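Written below as structure tokens is the structure these notes are about.
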Amino acid sequence: MLDLPAPAVRMSVSELAFVGVPVWLWIDPGPQGTGPLSATATAGASQVTATARLVAVEWTMGPPGAQVRCAGPGTPWAGQSGPSPDCGYTYELRSLPERTGGTGRWPVVATGIWQVDWSGVSGGAPVSGGQTVLLTAEQPLAVGEVQVLVDGGG
């Protein structure tokens, strides 16, 4: 049996982000998070091997139309400043209760897009195929705003 994992959502902030500050996005890297994962099934003279690979992660960040598609799992954040080199988002709107259905948090949804390909022999004839499998996970995130006041009185 080929057991594909839902993405383990990771962000450079755990509970509170700020408007205008880049948020790094990634899922757990490694074979269990991104593949390849393989499994073989045998029944009599038939045998099929399936292999799954994560091909992309699509992130829905909460505000209408706020989506990011990343070609891989993303780069884990280790305290760097600035935007992620390959998967990130910068909020333009606070997560006010009136914008978020009363929760005060945007629902951040990561959809792992897996390509599963299989090949083998069934009844003495070669068989092959493939399909795309989507797996999702969600983590809420509050987004606030910081305003700087400059006092010219020095």
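Offset between the sequence shown (1-based) and this note's numbering: plus 1094.
For every residue, glycine included, the Cβ atom is placed at its ideal position computed from N, Cα and C.
Since we're looking at a predicted model, the values are computed, not measured.
Could you check how far apart the C-beta atoms of residue i and residue j are, in whole angstroms? I think they sit under 8 Å.
{"i": "Q1161", "j": "W1153", "result": "7 Å"}
{"i": "A1219", "j": "P1101", "result": "The Cβ separation is near 36 Å, so there is no contact."}
{"i": "A1150", "j": "A1165", "result": "6 Å"}
{"i": "T1169", "j": "C1181", "result": "7 Å"}
{"i": "P1099", "j": "Q1126", "result": "6 Å"}
Taking the alpha-carbon positions, what's the residue i to residue j distance?
{"i": "S1175", "j": "V1244", "result": "23 Å"}
{"i": "L1148", "j": "S1132", "result": "12 Å"}
{"i": "R1255", "j": "D1122", "result": "No answer is possible for residue 1255: it lies beyond the span of the chain, which begins at 1095 and ends at 1248."}
{"i": "V1242", "j": "G1114", "result": "13 Å"}
{"i": "G1156", "j": "P1167", "result": "20 Å"}
{"i": "L1096", "j": "E1192", "result": "42 Å"}
{"i": "I1207", "j": "V1227", "result": "6 Å"}
Can you have a look at residue i and say buried or exposed, based on whether 16 or more other CB atoms are within 10 angstroms of its CB?
{"i": "L1119", "result": "buried"}
{"i": "T1128", "result": "buried"}
{"i": "S1266", "result": "Only positions 1095 to 1248 of the chain appear in this structure, which leaves residue 1266 out of reach."}
{"i": "L1110", "result": "exposed"}
{"i": "S1222", "result": "exposed"}
{"i": "T1194", "result": "buried"}
> Which ranges would you report for the beta strand (DSSP E) in the stretch 1153-1232 if only whole runs of at least 3 residues count?
Replying inline: 1161-1164, 1182-1184 and 1200-1216
> Below 8 Å, can you find three or more Cβ-Cβ pairs linking the stretch 1185-1202 to the stretch 1123-1142?
Replying inline: no
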